[in-house]
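In the UniProt record's numbering, the protein residues as written are 1 to 199. Below is one structure, written out as structure tokens; comments come after it.
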Amino acid sequence: MYKNLLMVGLFFLVTPITIMVSFFSLITLQVDSSPKKPLTNQANLIDVPLSGVKVYASLPSSSSTIEANIMASDARSEILKNYLGQYSSPLTPFAGKMVEEADKYGVDFRLTTAIAQQESNLCKKIPADSNNCWGWGIHSGGTLGFNSLEEGIETVTRGLRLDYIDQGFVTADKIMTKYTPSSDGSWAYAVNKFMEVLK
1 MYKNLLMVGL FFLVTPITIM VSFFSLITLQ VDSSPKKPLT NQANLIDVPL SGVKVYASLP
61 SSSSTIEANI MASDARSEIL KNYLGQYSSP LTPFAGKMVE EADKYGVDFR LTTAIAQQES
121 NLCKKIPADS NNCWGWGIHS GGTLGFNSLE EGIETVTRGL RLDYIDQGFV TADKIMTKYT
181 PSSDGSWAYA VNKFMEVLK
């Protein structure tokens, strides 16, 4: 009982004191609303210390530098190499060649890879010794083959430019109408999907 009376008494004693101190602080410590001068015009205490204030700084005996040689590089070859390597494609070592030929003929570097993915699972399912990962010239009358994958990359990329893109077949949907006219749209869908993954 005495404990409760003591707590109530302390409350009524401390609360008014706290309110008065807060009110007094608000009145006497008002914020100065006059415009401030920019800090650049004020003295810097490090440059011009106040009397009695000493500022010390240890200086390094020698300055150390961090240097790096940054080489500009085209990431497209690495993107293709990583993508082809992920699928253990025989085309993996030729990623740079694919980008080089795409640049040479002004073809999206992803297009030949996307077509190879759709046509042969990135060169894993092709006619024996054909080096034809793109289904290029494969029809009921026979199969076109290349002497090497490099020759295939160059021939297909050039052919896409001359026989398709230059003729107005500039999207996978349009290319499909000539490349594989019997497709129900799944060819273009897959090529677009594979190209999207390579972004």
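We put the CB at the ideal spot given by N, CA and C, even for glycine.
*What's the gap between the Cα of MET176 and the Cα of GLY185?*
Against the sequence shown, residue 176 aligns to sequence position 176. Against the sequence shown, residue 185 aligns to sequence position 185. The alpha-carbon atoms of MET176 and GLY185 are separated by roughly 8 Å.
_Contacting residues, own chain, Cβ-Cβ under 8 Å from VAL99 (five flanking each side not counted)_ = Walking along the sequence shown from the start, residue 99 turns up at place 99. Cβ within range, chain order: ASP74, ARG76, SER77, LEU80, PHE109.
*The alpha helix (DSSP H) with GLY152 in it runs from where to where?*
Counting from one through the sequence shown, the residue named residue 152 turns up at place 152. According to the DSSP assignment, GLY152 belongs to the alpha helix (DSSP H) that extends over 149 to 159.
_Cβ-based burial, VAL191 [other Cβ within 10 Å; buried from 16]_ = Residue 191 sits at position 191 when you count from the first residue of the sequence shown. Buried.
*Is the number of C-beta pairs between the region 131 to 141 and the region 152 to 162 that are closer than 8 Å three or more?*
Yes, the region 131 to 141 touches the region 152 to 162.
*Going along the chain, which residues of its own chain have a beta-carbon closer than 7 Å to the beta-carbon of THR28, five neighbours each way excluded?*
For the purposes of this step, residue 28 is identified with residue 28 of the sequence shown, where counting begins at 1. Nothing listed; no residue qualifies.
*Is GLY152 buried or exposed, if buried means 16 or more other CB atoms sit within 10 Å of its CB?*
As a working mapping, residue 152 is identified with position 152 in the sequence shown. Under this definition GLY152 is a buried residue.
*8 Å contact criterion, which LEU84 and ALA95 should meet: CB distance rounded*: The residue labelled residue 84 in the question sits at position 84 within the sequence shown. The residue labelled residue 95 in the question sits at position 95 within the sequence shown. Yes, LEU84 and ALA95 are in contact; Cβ-Cβ is about 6 Å, under 8 Å.
_Extent of the continuous alpha helix (DSSP H) run through PRO16_ = By one-based count along the sequence shown, residue 16 stands at place 16. Taken as a continuous stretch (DSSP letters only), the alpha helix (DSSP H) holding PRO16 covers 2 to 28.
*If you count every other CB in all the chains shown that lies within 10 Å of the CB of GLN117, and 16 or more means buried, which is it?*
For the purposes of this step, residue 117 is taken as residue 117 along the sequence shown, with counting starting at 1. By the 10 Å Cβ count, GLN117 comes out buried.
*asked:* Restricting to Cα atoms, I'd like to know which of THR113, GLY145, VAL197, ILE115 is closest to residue 227.
replied: Here the chain comprises residues numbered 1 to 199, so residue 227 is not present and cannot be evaluated.
*Output the distance between the C-alpha atoms of ASN132 and GLN167, rounded to the nearest integer angstrom.*
By one-based count along the sequence shown, residue 132 stands at place 132. By one-based count along the sequence shown, residue 167 stands at place 167. Approximately 23 Å between the Cα atoms of the pair.
*So, is TYR2 buried or exposed, given that buried needs 16 or more other C-beta atoms within 10 angstroms?*
Looking up residue 2 in the sequence shown gives position 2. Per the 10 Å Cβ criterion, exposed.
*Ordered along the chain, which non-local residues of its own chain (more than five positions away) have a Cβ less than 6 Å from that of LYS193?*
Here residue 193 corresponds to residue number 193 of the sequence shown, with the count starting at 1. Cβ neighbours of LYS193 beyond the five flanking positions: none.
*asked:* Beta-carbon within less than 7 Å of TYR87's beta-carbon, same chain only, minus the 5 sequence neighbours each way: which residues are those?
replied: Walking along the sequence shown from the start, residue 87 turns up at place 87. Answer for TYR87: LEU122, listed in chain order.
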